[in-house]
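Residue numbers (this note's numbering), protein chains in the order written: chain S, 74 to 239; chain D, 107 to 431. Please read the structure below before turning to the comments.
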Amino acid sequence: MGLFDSWADLLSAATPWSEAEAEAVSGGTGTAATPARGNVGDELQGASAGDKSAGQEESTPKPQSVGKEDAADEKDDEPEEEEEAEEEEEEEEEDEEEMVDPKEKFEEECKESKQCAPAKHHFDHCVERVNNADKSAPHEDCVEEFFHLAHCANECAAPKVWAALK
Amino acid sequence: MLSRSYLRSMRSVGAARNAAVNTSKRAASSSSSTANAASPFALNLAGTTATAVAVGTMAWYYHLYGPELHAMTLAEEGLHATKYPWVHEKYLKTFDHQALRRGFQVYQEVCASCHSLSRIPYRSLVGVTHTVDEAKAMAEENEYDSEPNDEGEIEKRPGKLSDYLPSPYKNDEAARAANNGALPPDLSLMVKARHGGCNYIFSLLTGYPEEPPAGATVQEGLNFNPYFPGTGIAMARVLYNELVEYEDGTPASTSQMAKDVVEFLNWAAEPEMDQRKKMGMKVLAITSALFALSVWVKRYKWSAIKTRKIQYTAPQMGGRNAPKH
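Given below as structure tokens:
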């Protein structure tokens, strides 16, 4: 595993976009401490700011690569919280109405659609036939017709449901 | 298979018939004295009859053995679950851990009253759905048997991270007795244990119709669910809109809860999935690089052999009459 980790580290170091994603979070927390130290140093030692900033740039990547696992953990949490905040606002607006299950809603729409018209027709026909049949006639049920209709509605609704769900 | 062997025998019968016709033809042509021994009409009739018999027997055979037989009706098989576009099933995607957390909440608040999840310890939730402190707090809510004390009595102690999620029943018999004889199965590996996996469980949870279709008989104590083989399932519909209040504010519609809990159960069955996919990518990357390298090395090593030219100059034969090049 050590080999693979170091391989992944090399890869992430080589790729130009890695810094923006994984390293940015820990860089933010890490640099929050280091510039403060740099400022103190400026006041005390009176060294030029250019030298200090160059020194920080050299020193900061090391803690990043060491604390990579911590960075990954933090990365998991923080962006998601931002997303939640956005989604919560949207959801509050929706909550005011009676909640409708998206799956049921889309499947009802799909059952009425042209795609499922044959299955719907057969099912309705069967229901009518079974309900009107006299009891002496051989028993019949509409399970097969129901299956075909449900299958059609599911197939039609599946992508829409997934688009609506989180 | 049977029909194929039968057809083969039919072909040989046809060949025999052809041979017979040919010999009679040959006989007819060679012996002109027997006038009209085999007239064209008789030959045509014989051929037509033989063909009709052959076709007829094949049709009869197909009628007997040809059509596919189903031992079970569609209802007994159950409705095949539709394939849903699960994000975590894609090659380059991981579990949505926010969904796992919601799914665990649904499991705990809804499923856990009947279904155990006996292979999942609290420690495995750490870093996946909960933080260490949260997992510890959840574990401490339950009591487990401790080591025997000095008198040999086994006392209860609060749970630790290493304890497994508590089961709702002491054993399978108790579970059956409490559920009309039907055993609520353990859900730890359920996604792997059922044909259709996530799709099946999601469809099962959300697929309870308002009422069974006309004419369908549902045994007492059972509920109609098209996805369950036999359509009669002991578990009633449990997920209703807003049954659970998500802590992240996600609207808890029936399908949202089902989706989350199924994703959580998939994690329970395959906790290694994220790592497995990552490792798979590494394996592919490294092996393809090594393969390219090996191709290059092979070509390099063989280049001397592949590019050499063998030239043969024929020796000059004889003197003046030798062919000139």
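Built from N, CA and C at the ideal position, the CB exists for glycine as well. Bear in mind that the values here come from a model prediction, so they are computed numbers and not experimental data.
If you follow the beta strand (DSSP E) that D/PRO264 is part of, which residue opens it and which one closes it? As a position in the second sequence, residue 264 of chain D is number 158, starting the count at 1. Where D/PRO264 is concerned, the enclosing beta strand (DSSP E) stretches over 260-264.
Give the residues of chain S in contact with D/LYS365, contact being defined as C-beta atoms less than 7 Å apart. As a first step, residue 365 of chain D must be located in the second sequence, where it is residue number 259. Simply LEU238.
I'd like to know whether the C-beta atoms of D/GLY233 and D/TYR250 end up nearer to each other than 7 Å. Here residue 233 of chain D refers to the residue found at position 127 of the second sequence. Here residue 250 of chain D refers to the residue found at position 144 of the second sequence. Contact flag unset, no.
With D/SER252 as the anchor, note down where its beta strand (DSSP E) starts and where it stops. Here residue 252 of chain D refers to the residue found at position 146 when the second sequence is read from its first residue. It spans 249-254 - the beta strand (DSSP E) in which D/SER252 sits, taken as one unbroken run.
Nearest-angstrom beta carbon gap, S/TRP80 and D/LYS388 [assumed within contact, 8 Å]: On the second sequence, residue 388 of chain D is found 282 positions in, with the first residue counted as 1. On the first sequence, residue 80 of chain S is found 7 positions in, with the first residue counted as 1. Going by Cβ atoms, the distance from D/LYS388 to S/TRP80 rounds to 7 Å, so yes, they are a contact pair.
Kindly indicate which three-state DSSP category S/HIS212 falls into: helix, strand or coil? In the first sequence, residue 212 of chain S corresponds to position 139, counting from 1. Looking at S/HIS212 - three-state DSSP - the assignment turns out to be coil, as it is neither helix nor strand.
Limits of the alpha helix (DSSP H) - the one that D/ASP354 falls within: Stepping through the second sequence from its first residue, residue 354 of chain D is reached at position 248. D/ASP354: not part of any alpha helix (DSSP H); DSSP gives it neither H nor E.
Roughly how many whole angstroms lie between the Cα atoms of D/CYS304 and S/HIS221? The residue you call residue 304 of chain D lines up with position 198 of the second sequence. The residue you call residue 221 of chain S lines up with position 148 of the first sequence. Going from the Cα of D/CYS304 to the Cα of S/HIS221 covers about 21 Å.
Note down, in chain order, every chain D residue with its Cβ under 8 Å from the Cβ of S/CYS215. Taking the first sequence and counting its residues from 1, one reaches residue 215 of chain S at position 142. Going along chain D in sequence order, the residues near S/CYS215 (Cβ under 8 Å) are PRO319, ALA320, GLY321 and ALA322.
Hey, is D/LEU180's beta-carbon within less than 7 Å of any beta-carbon in chain S? Taking the second sequence and counting its residues from 1, the one referred to as residue 180 of chain D is at position 74. Yes, D/LEU180 lies at the interface with chain S (some Cβ there is under 7 Å from its Cβ).
Is the CB-CB distance between D/LEU295 and D/ALA375 below 7 Å? The residue given as residue 295 of chain D occupies position 189 in the second sequence. The residue given as residue 375 of chain D occupies position 269 in the second sequence. Going by C-beta atoms, D/LEU295 is nearer than 7 Å to D/ALA375.
Find the nearest neighbour of D/HIS186 within the set D/GLN417, D/LYS242, D/ILE411 and D/PRO332, judged by alpha-carbon distance. In the second sequence, residue 186 of chain D corresponds to position 80, counting from 1. Ranking D/GLN417, D/LYS242, D/ILE411 and D/PRO332 by Cα distance to D/HIS186 puts D/PRO332 first.
Buried or exposed (CB count within 10 angstroms, at least 16 for buried), D/TRP408: Walking along the second sequence from the start, residue 408 of chain D turns up at place 302. It is exposed - the Cβ of D/TRP408 has fewer than 16 other Cβ atoms within 10 Å.
For D/HIS150, count the other beta carbons within 10 Å of its own beta carbon; 16 or more makes it buried, fewer makes it exposed. Which is it? On the second sequence, position 44 is the one that residue 150 of chain D refers to. Inspection of the sequence shows that residue 150 of chain D is occupied by Asn rather than by His. Answer is exposed; the Cβ neighbour count stays below 16.
DSSP three-state label for D/PHE330, please. Translated into positions along the second sequence, residue 330 of chain D becomes position 224. Three-state DSSP puts D/PHE330 in a strand.
Provide the residue span of the alpha helix (DSSP H) that contains D/LEU234, from first to last. Counting from one through the second sequence, the residue named residue 234 of chain D turns up at place 128. Sequence inspection shows Val at residue 234 of chain D; the Leu mentioned does not correspond to that position. In the DSSP assignment, D/VAL234 falls outside any alpha helix (DSSP H) and carries neither an H nor an E.
Proximal residues of chain D, C-beta to C-beta of S/GLU228 below 9 Å: As a working note, residue 228 of chain S is residue 155 in the first sequence. Going along chain D in sequence order, the residues near S/GLU228 (Cβ under 9 Å) are THR188 and LYS189.
Please decide whether S/PRO175 counts as near chain D, where near means a Cβ-Cβ distance under 7 Å. Counting from 1 along the first sequence, the entry for residue 175 of chain S is found at position 102. Closer than 7 Å: yes.
Give a yes or no on whether the minimum CB-CB distance between D/THR413 and chain S is below 7 Å. Residue mapping note: residue 413 of chain D aligns to position 307 of the second sequence, counting from 1. Closer than 7 Å: no.
So with CB distances below 7 Å, who are the chain D contacts of S/ALA192? As a working mapping, residue 192 of chain S is identified with position 119 in the first sequence. The premise fails here: S/ALA192 is roughly 12 Å from chain D at the closest Cβ pair, so nothing lies under 7 Å.
Should D/ASP278 and D/SER222 be called a contact, given that it needs their Cβ atoms to be closer than 7 Å? Locating residue 278 of chain D in the second sequence gives position 172, where the first residue counts as 1. Locating residue 222 of chain D in the second sequence gives position 116, where the first residue counts as 1. At a Cβ-Cβ threshold of 7 Å, D/ASP278 and D/SER222 do not count as neighbours.
Kindly list the residues whose CB is nearer than 6 Å to the CB of D/PHE330, restricted to its own chain and excluding five residues on each side of it in sequence; keep chain order. Counted from its first residue, the second sequence places residue 330 of chain D at position 224. Taken in chain order, the residues that qualify are PRO318, VAL324 and THR337.
List, in chain order, every chain D residue whose beta-carbon is nearer than 8 Å to that of S/HIS224. As a working note, residue 224 of chain S is residue 151 in the first sequence. The answer, in chain order, is LEU185, HIS186 and THR188.
Where does D/ASN255 land, buried or exposed, given buried means 16+ other C-beta within 10 angstroms? Residue mapping note: residue 255 of chain D aligns to position 149 of the second sequence, counting from 1. The residue in question, D/ASN255, is exposed, as its Cβ has fewer than 16 Cβ neighbours within 10 Å.
Mind checking the stretch 195-208 of chain S against chain D and listing, in chain order, the residues whose C-beta falls within less than 8 Å of any C-beta there? Listed by position, the residues of the stretch 195-208 of chain S near chain D (Cβ gap below 8 Å) are PHE196, CYS199, VAL200, VAL203 and ASN204.
What did DSSP end up calling D/ILE226 once you bin it into helix, strand or coil? Along the second sequence, read from residue 1 onward, the residue named residue 226 of chain D stands at position 120. The three-state reading of DSSP puts D/ILE226 in coil, since its state is none of H, G, I, E or B.
Compare the Cα-Cα distances from D/GLU246 to each of D/VAL159, D/LYS262 and D/GLU253 and report the closest residue. Sequence index remark: in the second sequence, residue 246 of chain D carries index 140 (1-based). Considering only alpha carbons, the answer is D/LYS262.
Just to confirm my understanding: we take D/ALA218, look at its own chain, exclude 5 residues before and 5 after, and list those with CB closer than 8 Å. What are they? Against the second sequence, residue 218 of chain D aligns to sequence position 112. Taken in chain order, the residues that qualify are LEU271 and PRO274.
Just to confirm the assignment: which complete alpha helix (DSSP H) runs, minimum length 4, are found wholly within the stretch 285-350 of chain D? With a minimum length of 4 residues, the continuous alpha helix (DSSP H) runs that stay inside the stretch 285-350 of chain D are 296-299 and 303-312.
Which residue's Cα is closest to the Cα of D/SER359: D/THR200, D/GLU353, D/VAL368 and D/TYR346? For the purposes of this step, residue 359 of chain D is taken as the residue at position 253 of the second sequence. The candidate whose alpha carbon is nearest that of D/SER359 is D/TYR346.
Between the CA atoms of D/GLU183 and D/MET341 - distance to the nearest angstrom: Along the second sequence, read from residue 1 onward, the residue named residue 341 of chain D stands at position 235. Along the second sequence, read from residue 1 onward, the residue named residue 183 of chain D stands at position 77. Near 18 Å, if we compare the C-alpha coordinates of D/GLU183 and D/MET341.
How far does the alpha helix (DSSP H) with D/VAL193 in it reach, from first residue to last? Reading the second sequence from its first residue, position 87 is the one you call residue 193 of chain D. D/VAL193 -> no alpha helix (DSSP H), and no H or E assigned at all.
Stretch-stretch touch, CB-based, cutoff 8 Å, three pairs: the stretch 195-207 of chain S with the stretch 225-235 of chain S: Too few Cβ pairs lie closer than 8 Å, so no.
For the alpha helix (DSSP H) that S/ASN204 lies in, which residues bound it at each end? For the purposes of this step, residue 204 of chain S is taken as residue 131 along the first sequence, with counting starting at 1. Counting along the chain, the alpha helix (DSSP H) containing S/ASN204 begins and ends at 190-205.
Interface partners of S/PRO232 on chain D, CB under 9 Å: Looking up residue 232 of chain S in the first sequence gives position 159. Under a criterion of Cβ atoms nearer than 9 Å, the residues of chain D adjacent to S/PRO232 are, in order, TYR190 and PRO191.
Within the 7 Å Cβ cut-off, does D/SER230 reach chain S? For the purposes of this step, residue 230 of chain D is taken as residue 124 along the second sequence, with counting starting at 1. No, no contact with chain S.
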